[in-house]
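*Asks:*
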Amino acid sequence: MVTVSIDRFSGFCWGVVRTVQIAEDQLAATRAQRNVYVLGHIIHNPKEIQRLEDKGLTTITVNDFPRLANTGAKVIIRAHGEPPSTYRAAWEHGIEIVDATCPVVTKLQERVRKFWDQGYQVVIFGKYDHAEVLGVRGVVHDQCIVVKSVDEALATVDMAKKTVLFSQTTMDRPTFLLIRDALKGRVAELIVDTMEEIATEFHAKDTICGQVSGREAQLAKFAAGNDVILFVAGRASSNGKVLFDVAHASNPRTYFIESTDEIDPAWIRGMQHIGISGATSTPQWYMEEVQAFVEGLCATEDVNV
Ligand code: SF4
Numbered sequence: 364m365v366t367v368s369i370d371r372f373s374g375f376c377w378g379v380v381r382t383v384q385i386a387e388d389q390l391a392a393t394r395a396q397r398n399v400y401v402l403g404h405i406i407h408n409p410k411e412i413q414r415l416e417d418k419g420l421t422t423i424t425v426n427d428f429p430r431l432a433n434t435g436a437k438v439i440i441r442a443h444g445e446p447p448s449t450y451r452a453a454w455e456h457g458i459e460i461v462d463a464t465c466p467v468v469t470k471l472q473e474r475v476r477k478f479w480d481q482g483y484q485v486v487i488f489g490k491y492d493h494a495e496v497l498g499v500r501g502v503v504h505d506q507c508i509v510v511k512s513v514d515e516a517l518a519t520v521d522m523a524k525k526t527v528l529f530s531q532t533t534m535d536r537p538t539f540l541l542i543r544d545a546l547k548g549r550v551a552e553l554i555v556d557t558m559e560e561i562a563t564e565f566h567a568k569d570t571i572c573g574q575v576s577g578r579e580a581q582l583a584k585f586a587a588g589n590d591v592i593l594f595v596a597g598r599a600s601s602n603g604k605v606l607f608d609v610a611h612a613s614n615p616r617t618y619f620i621e622s623t624d625e626i627d628p629a630w631i632r633g634m635q636h637i638g639i640s641g642a643t644s645t646p647q648w649y650m651e652e653v654q655a656f657v658e659g660l661c662a663t664e665d666v667n668v
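Take any residue in the sequence shown, count from 1 to its spot, add 363: that is its number in the working numbering.
So this is what it looks like as structure tokens:
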């Protein structure tokens, strides 16, 4: 008997649930006007983007502000947040902002601002062009260093300066810890080199969101407990990549898909237990569609042999 089950710990994180709910509320309240916009894709999932666009949500960039000036437009800021310059630009153009920034990201921005105000060199473990990092960079007027690896950190961070390390909320913790340890090691080397207690200070703030890191152990268990895993996420999803790697490490027969038409029947042929999981931006309704699709495939003779 073939089972096709959905990982009960997968699906939207509470930050995404909140953002989508805010968008739904705005769309319901302004159905006739069709004046609800979102800055950048509301989440990194093409299926959910399409569902909300069908309800009237329009994706824009800041470059659209002049066109929308004083038209009664409502612009949603998504969970990733925005730099302060976006709020200023909206105000200048008479555009109403509906702020759906995830509170975890708001907290990160506040902590970064606090250290930067105190003269710290700010280092962010993250992706330079990721929307959340763009917001954080804006908070410190782009006066920070963004690194993705230990090598980049060692090559670019001057540990003779007082320094604080943060993380983009959706990065992986093992790499964050390696970067932290490498920078700590550099401080120790500096002390030996200068033969004196240098005045540097180093703080490492683990700002990886528990909604991502908390899922890793459960996902590894779920992946190991199934013969094959279909990991459903948008390709632009940062935590999708992190969580896919976790599942793949636990079960090499893990396949990344964005939609059902990418499923190769050979992946599931002869398998007894098929698991479906996803990122924090993967909607439950789409994982259920994948489940129904796979059950349909399993019902065909071709796959069951
Ligand atoms: S993963 Fe965490 S930080 Fe990102 S939207 Fe979800 S709750 Fe917020």
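Beta carbons: idealized from backbone N, C-alpha and C, even for Gly. Please read these numbers as outputs of a predicted model, since none were measured by experiment.
1) Apart from the five residues just before and just after residue 647, which ones in its own chain have a Cβ nearer than 6 Å to its Cβ?
2) Could you tell me which of 607, 611, 621 and 660 sits nearest to residue 633, measuring between CA atoms?
3) Hey, residue 408 and residue 597 are a contact pair by Cβ (cut 8 Å); roughly how many whole angstroms apart?
4) Please report the distance separating the alpha-carbon of residue 487 from that of residue 511.
5) On the three-state DSSP scale, how would you describe residue 373?
6) Starting from the C-beta of residue 384, find all residues in its chain whose C-beta is less than 8 Å away, skip the five residues before and the five after it, and write them out in chain order.
7) Please confirm whether residue 658 and residue 367 have their CB atoms less than 8 Å apart.
8) Can you check which of these residues, 427, 388, 612 and 490, is closest to residue 600 by C-alpha distance?
9) Taking buried to mean at least 16 other C-beta atoms within 10 Å of its own C-beta, is residue 404 buried or exposed?
10) Just to confirm before moving on: does the CB-CB distance between residue 575 and residue 595 stay below 8 Å?
11) Would you list the one or two residues that DSSP bridges to residue 422?
12) Which residues share a DSSP beta bridge with residue 368?
13) Could you give the residue range of the beta strand (DSSP E) that holds residue 618?
14) DSSP three-state call for residue 384: helix, strand or coil?
15) In angstroms, rounded to a whole number, what distance separates the CA positions of residue 495 and residue 590?
16) Please report the Cβ distance between residue 583 and residue 609, rounded to the nearest whole angstrom; I am assuming they are in contact, meaning their Cβ atoms lie under 8 Å.
17) Output the residues surrounding the ligand SF4, defined as those with a CB atom closer than 5 Å to any ligand heavy atom, in chain order.
*Replies:* This is what the structure holds:
1) 374
2) 660
3) 4 Å
4) The straight-line gap from Cα to Cα measures roughly 8 Å.
5) coil
6) none
7) yes
8) 490
9) With 16 or more other Cβ atoms within 10 Å, it is buried.
10) no
11) The partner list for residue 422 (beta bridge, DSSP) reads 401.
12) For residue 368, which the question treats as bridged, DSSP gives the partners 638.
13) Residues 617-620.
14) helix
15) 35 Å
16) 6 Å
17) 376, 378, 442, 465, 467, 532, 572, 574 and 643
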